[in-house]
Amino acid sequence: MPKGSSPLRLLASLLSGYAKPVIDLDRLAPSSVYDLDYRIAIVALAFEVYSKPFMAGVRRIRTGELKLVQFIAQRPWLLPVIHQWSNSRRDHQASLYVPQHLRRGYLADTMFDDVIDFLIARGSLVRGASHLIEGTTPLFRSILNAALQGALFTAELEVLNELRGLTVTNEMLEGS
Amino acid sequence: MSLIEKYASTLEALTGTPFQDAVCTRLRSAIPSFQKIPDKSGDGGLDGYSHNGEYGYCCYGFELDASKSEDVYVSMIVDKFQKDLRRLFELEEIRGKAGDTTEAPVQVATPVTTDAPKVQKPKLQHVPNKELASVLGKDVKIKHIRLLVNRFESKKALGRIQTALRRYKSASQCRFVDPSATLVLDGPQQLAEEHHVDELALSLAKRQMLIERLSDSAKKVELPTPSTFDSKMSLLKQIRPGHDSAIDGMAEAFKTDWKLALASEKDLSDSASNIHLALDRGKRRLLTKVNKLMTESDEPWNELSRAGELAEEMLGPILESWFGDLSTDVCNGEVASLIGDCPIGWEKQDVPNA
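Protein sequence lines correspond, in order, to chains D and W. All letters in the first sequence, in the order written, are residues 210 to 385 by our numbering. All letters in the second sequence, in the order written, are residues 8 to 361 by our numbering.
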């Protein structure tokens, strides 16, 4: 018998014959990190905060950098880990040892890849060799403005602003 | 950082049962005759033995607390291992009556040479250790005792433990420990240097860290909808009066499992997003399946009692690569979260011939 199944059996025996089950499938809310609208908003905010001018009126960002910062923006408790990782970049052994969980976590964020594919298909982004460039149907600026006006995503914006001073090396983006 | 240093620092970070498990796993891989002793119904003071019972091992992984001084840690180590030794020597301390000022606390009861006024040590009396008899077998005596601790930075504990060993030898009938037995106290560094360290040893120790990390994190988790859960339990008490204490105990068990599930999900979301995504989808499939079984059955609650097995079947393969044998607990936690959170609930049913 699997450990922990006894409370279930006790519950079943207490309810059996005395209560009717009520199951609401819609009450199982999916995690917000798999909500497309939320993820587009976070990508937009990260792009607005981190992208750099590329040519007249157009901005771009390293794909891996966007993937990393938007991952942290959704998980503020990882801020100390990313700072530790960034600070350990001169020590190759430490840079491999310290951030394995974070590295694995953000590299495996396949939802980000799907969101980027969607934004490219929509024309909001263009894929370069190693960068993502603003597309012909801009969307991100309006999302940022809406977020600022409505005081939305304040926690995520706070993290993104705090990450401004962070040095993200190519080594940290390896594999993304 | 070398593998040995990494391994030693990983062991240092472990406490309690995870530390004991990591040490036993290490010793089992390095010493073919090592036997771990399950402590479910009492381990008799030993966590493991080897060489047909001639070598005995006791572990202690204490919690670090920055507010405690080094001397406090030394006393904790000494107290713990003195207690283990007394069990091996089948001894118990008899303390004086309350108010007896000659009674000395255990940690200062082993002066070696001092001119200070002598304090009376607690007396020792023989108390048979039945567990040890069943663990070691007939006519086996331990000749070497190895005490393993997760932090070994002070030499102060050594003299006090060796003094205690001599005192216990002279007071004991020595049924399970040889009168000439020796003792050493070691820490993670000694354990790491003694046998080869490879990636496997390191990953096994890190697995114990995962268990510890999860249980720590589960303690800090705040349940998302405790009031909904509490109202379900209140309704259950109304439906089944007279079962309040059983319901309270069950509710606590569900909450503990639910917290573990939340901590596990956070761990996955941070460290293995792809597995987290698979789990998120797997939970929905599990709920759909439980719903189907309960809807189709004449005895729906019997189907609910099988949800734990069903979760293991459906979510186990997803979780196993990350959580290993802990995945069973995480599966139970996921079922608890379905009850704790909103999806599975109940309402009163009219009982025929009530």
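Backbone N, C-alpha and C define an ideal beta-carbon position, used for all residues, glycine too.
| In the segment 164-244 of chain W, which residue ranges form an unbroken alpha helix (DSSP H) of at least 4 residues, counting only runs that do not cross its ends? | 195-201 and 206-227
| Which residues in chain W sit within 7 angstroms of residue 228 (chain D), going by Cβ to Cβ distance? | 246, 353, 354, 355 and 356
| task | Note down, in chain order, each residue of its chain lying with its Cβ closer than 6 angstroms to the Cβ of residue 334 (chain W), except the 5 sequence neighbours on either side. | result | 323, 326 and 327
| field | Three-state secondary structure (DSSP) of residue 291 (chain W) | value | helix
| Span of the beta strand (DSSP E), counted from its first residue to its last, around residue 266 (chain D) | Residue 266 (chain D) -> no beta strand (DSSP E), and no H or E assigned at all.
| request: Under 8 angstroms by Cβ, that's how I've got residue 17 (chain W) and residue 209 (chain W) pegged, so tell me the actual separation to the nearest angstrom. | output: 7 angstroms
| field | Entirely enclosed alpha helix (DSSP H) segments - the segment 67-107 of chain W, minimum 4 residues | value | 77-95
| field | residue 160 (chain W), enclosing alpha helix (DSSP H) - first and last residue | value | Counting along the chain, residue 160 (chain W) falls outside any alpha helix (DSSP H), and DSSP gives it neither H nor E.
| request: Keeping to the same chain, check which residues put their C-beta closer than 6 angstroms to that of residue 37 (chain W); ignore five residues upstream and five downstream. | output: 202
| residue 57 (chain W) lies in the beta strand (DSSP E); which residues open and close that run? | 55-57
| field | C-alpha distance - residue 354 (chain W) paired with residue 247 (chain W), whole-angstrom precision | value | 12 angstroms
| task | Would you mind telling me which residues of chain D sit closer than 8 angstroms to residue 216 (chain W), beta carbon to beta carbon, in chain order? | result | Ordered by position in chain D, no residue passes the 8 angstroms Cβ test against residue 216 (chain W), which lies about 11 angstroms from the chain.
| task | Look at the alpha carbon of residue 255 (chain D) and the alpha carbon of residue 369 (chain D), and state the distance between them as a whole number of angstroms. | result | 7 angstroms
| How would you call residue 55 (chain W), buried or exposed, if buried means at least 16 neighbouring beta carbons within 10 angstroms? | buried
| task | Please check the pair residue 249 (chain D) and residue 298 (chain W), which I expect to be a contact at CB under 8 angstroms, by giving their CB distance rounded to whole angstroms. | result | Incorrect: roughly 31 angstroms between the Cβ atoms, too far for contact.
| Roughly how far, in whole angstroms, is the beta-carbon of residue 134 (chain W) from the beta-carbon of residue 97 (chain W), given that I think they are within contact range, below 8 angstroms? | 6 angstroms
| field | Sequence-distant residues of its chain with Cβ nearer than 6 angstroms to residue 118 (chain W) (five each side left out) | value | With a pLDDT of 44 at residue 118 (chain W), under the threshold of 50, the predicted position of this residue should be treated as unreliable, though the coordinate-derived value follows. There are no such residues.
| Taking one C-beta from the segment 284-297 of chain D and one from the segment 363-381 of chain D each time, how about it: are there three or more such pairs within less than 8 angstroms? | yes
| request: Establish whether the CB of residue 383 (chain D) and some CB of chain W are separated by less than 8 angstroms. | output: no
| Expected contact under 8 angstroms - CB spacing of residue 175 (chain W) and residue 53 (chain W) to nearest Å | No, residue 175 (chain W) and residue 53 (chain W) are not in contact; Cβ-Cβ is about 15 angstroms, not under 8 angstroms.
| said: For residue 258 (chain D), tell me which candidate among D:227, D:353 and D:317 has the shortest Cα-Cα distance. | reply: D:353
| task | With DSSP as the reference, label residue 109 (chain W) as helix, strand or coil. | result | Per-residue confidence for residue 109 (chain W) stands at a pLDDT of 40, beneath the threshold of 50, marking its modelled position as unreliable; the derived number appears in the next sentence. Residue state, collapsed to three classes: coil.
| task | Starting from the N-terminal side, write out each stretch of the alpha helix (DSSP H) that is 4 residues or longer and does not extend beyond the segment 248-325 of chain W. | result | 251-278, 280-303 and 307-312
| query | Given a limit of 8 angstroms on CB to CB distance, which residues of the segment 73-95 of chain W reach chain D? | reply | none
| message | Distance check for residue 377 (chain D) and residue 312 (chain D), CA to CA, integer angstroms please. | response | 13 angstroms
| field | Proximal chain D residues relative to residue 307 (chain W), where beta-carbon distance stays under 7 angstroms | value | 230
| message | Can you check whether the C-beta of residue 183 (chain W) is within less than 8 angstroms of a C-beta belonging to chain D? | response | no
| query | Do residue 230 (chain W) and residue 352 (chain W) have their C-beta atoms closer together than 8 angstroms? | reply | no
| task | Please state whether DSSP places residue 228 (chain D) in a helix, a strand or coil. | result | strand
| request: Work out the CA separation of residue 212 (chain W) and residue 82 (chain W) for me, nearest whole Å. | output: 27 angstroms
| field | Cβ neighbours of residue 35 (chain W) in the same chain (closer than 6 angstroms, five flanking residues each side left out) | value | 41
| query | CB residue 275 (chain D) to CB residue 242 (chain D), shorter than 8 angstroms? | reply | no
| task | Can you tell me the Cβ-Cβ gap for residue 275 (chain W) and residue 286 (chain W), rounded? I've got them flagged as a contact below 8 angstroms. | result | 6 angstroms
| field | Reference residue 247 (chain D); option with closest CA among D:375, D:383, D:373 and D:363 | value | D:363
| field | Reference residue 283 (chain D), options D:333, D:240, D:224 and D:234, closest by Cα | value | D:240
| What is the DSSP secondary structure of residue 213 (chain D), counted as helix, strand or coil? | Low local confidence applies: a pLDDT of 43 at residue 213 (chain D) is under 50, so the model's placement there is unreliable, with the coordinate-based value given in what follows. Note: residue 213 (chain D) maps to coil in three-state DSSP.
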